[in-house]
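Colleague:
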Amino acid sequence: MSKQPPSSLECQTADQLQYPHDFGQGHKRKAEQRATLVTLLTLVTMLAEVIAGLVTGSMALLADGIHMAGHAMALGLAALAYYLSRRHAHDRRLSLGSGKIADLAAYTSALLLGVSTLWLIYESIHRLLTPTELMPQEAMIVAIIGLAVNLLSIWLLSGQHEHHHSHSEHAHEHHEDSNLRAALVHIMADVLTSVAAIAGLAAAWLWGWTWLDPAIALVASLIILRWSWGLLRQTSGVLLDREGPDTIRHAALEQLRKHDDTTIVDLHVWSVGQGAWTLVAAVVTHGNTTPEEYRADLCAIEDLYHPIIEVNYCRNCAHAVD
Numbered sequence: 016m017s018k019q020p021p022s023s024l025e026c027q028t029a030d031q032l033q034y035p036h037d038f039g040q041g042h043k044r045k046a047e048q049r050a051t052l053v054t055l056l057t058l059v060t061m062l063a064e065v066i067a068g069l070v071t072g073s074m075a076l077l078a079d080g081i082h083m084a085g086h087a088m089a090l091g092l093a094a095l096a097y098y099l100s101r102r103h104a105h106d107r108r109l110s111l112g113s114g115k116i117a118d119l120a121a122y123t124s125a126l127l128l129g130v131s132t133l134w135l136i137y138e139s140i141h142r143l144l145t146p147t148e149l150m151p152q153e154a155m156i157v158a159i160i161g162l163a164v165n166l167l168s169i170w171l172l173s174g175q176h177e178h179h180h181s182h183s184e185h186a187h188e189h190h191e192d193s194n195l196r197a198a199l200v201h202i203m204a205d206v207l208t209s210v211a212a213i214a215g216l217a218a219a220w221l222w223g224w225t226w227l228d229p230a231i232a233l234v235a236s237l238i239i240l241r242w243s244w245g246l247l248r249q250t251s252g253v254l255l256d257r258e259g260p261d262t263i264r265h266a267a268l269e270q271l272r273k274h275d276d277t278t279i280v281d282l283h284v285w286s287v288g289q290g291a292w293t294l295v296a297a298v299v300t301h302g303n304t305t306p307e308e309y310r311a312d313l314c315a316i317e318d319l320y321h322p323i324i325e326v327n328y329c330r331n332c333a334h335a336v337d
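Residue numbering for the sequence shown is 16 to 337, as defined by our numbering.
1. Exposed or buried, which one is LEU55 when buried takes at least 16 other CB atoms within 10 Å?
2. In chain order, what residues of the same chain have a beta carbon less than 7 Å from the beta carbon of ARG310, not counting five sequence neighbours either side?
3. Please list the segments of the beta strand (DSSP E) lying wholly inside the stretch 208 to 294, counting only runs of 3 or more residues, in order along the chain.
4. Which same chain residues end up closer than 8 Å to GLY129 when comparing Cβ atoms and leaving out the 5 residues on each side of it in sequence?
5. I need the straight-line Cα distance from LEU199 to SER131, nearest angstrom please.
6. Measure the alpha-carbon distance for ARG330 versus CYS314 and round it to whole angstroms.
7. LEU126 bridges to which residues according to DSSP?
8. If you reduce the DSSP assignment to three classes, tell me which class GLU325 lands in.
9. What's the call for GLU307, buried or exposed, on a 16-neighbour Cβ count within 10 Å?
10. Tell me whether the beta-carbon of VAL295 lies closer than 8 Å to the beta-carbon of THR278.
11. Roughly how many whole angstroms lie between the Cα atoms of VAL234 and LEU111?
12. Give every residue of the same chain whose Cβ lies closer than 7 Å to the Cβ of VAL284, excluding the five residues on either side of it in the sequence, and list them in chain order.
13. What is the DSSP secondary structure of ALA296, reduced to helix, strand or coil?
14. What residue range does the alpha helix (DSSP H) around ILE66 cover?
15. Is the Cβ-Cβ distance between TYR328 and GLY39 less than 8 Å?
16. Quick test of the definition: if touching needs 3 or more C-beta pairs under 8 Å, does the stretch 96 to 114 touch the stretch 217 to 233?
17. Indicate the three-state DSSP secondary structure (helix, strand or coil) for LEU195 in the structure shown.
18. Given a cut-off of 8 Å, decide if LEU119 and LEU282 are closer than it, judged by their beta-carbon atoms.
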């Protein structure tokens, strides 16, 4: 009878080749707490602005409130994505980890932002053609409150209030975080629509230019639509495994070329989560460099997880080692 192969618990070589499966997503991020707090803050402000917009007749203010409803949903989705990425970080049914849950949430947020902006463009044009009565003074008060809440939300999301963190830690947390960027873009869109609402209402109050309220909202909508498109392009590239940044690629090439006997024939780097990357490489060695040595070199690259290296030994050309 053939002898059964030893389990990984009985084989030192197999034990040494065990990789962690969380791809850097298994810890709780501070951005998760920020996103949850800002979601609650946005919900409260959204209710106030929608009610005030209906009462005062301000299109820009109502639009700001409707935008905040979509943003509250998007922010809640961002907070949920952080939780799910952490919760399923060690689920081996997800072949390359759970990191792209956050990118999927960011992509969905960009879609929500784009759809809500298309509605705002339609309503702004309708109000330009069919003016309605405004209560500018009352509406301005609520718009200013909304702007203050939006600025506070940006401050909270960006983590500027956490002075005890070093600059390197702060930069590391925000590195390639599409989920956080999507949340910030939503809030920045709110800031823009709030400023537009205040400007339009001020003109209506001082000079009776009621047409300026929807006109400014229309211009702001076009700017927001551009932001949404940029976010869609970024997140869709991650979801489709677009090639990673040159910094990671160059670092991998540098590590592989430490061995003079090596020729790199293929290299692919792509994102597997927020600030996390993996790669597949194929090399030809004319010496005796082992796959373990290549992997050890690649693992020295920060934020690179589970590199896969195919090593081919050449013994047929002048560079080959006997």
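Glycine residues also receive a C-beta, built at the ideal position from the N, C-alpha and C atoms.
Source: prediction; values computed, not measured.
Modeller: According to the structure data:
1. exposed
2. PRO322, ILE324
3. 277 to 288
4. LEU240, SER243, TRP244, LEU247
5. 16 Å
6. 28 Å
7. Paired residues: none, contrary to the question.
8. strand
9. exposed
10. no
11. 42 Å
12. GLU258, GLY259, ILE263, ARG264, ALA267, TRP292, LEU294
13. strand
14. 45 to 71
15. no
16. no
17. helix
18. no
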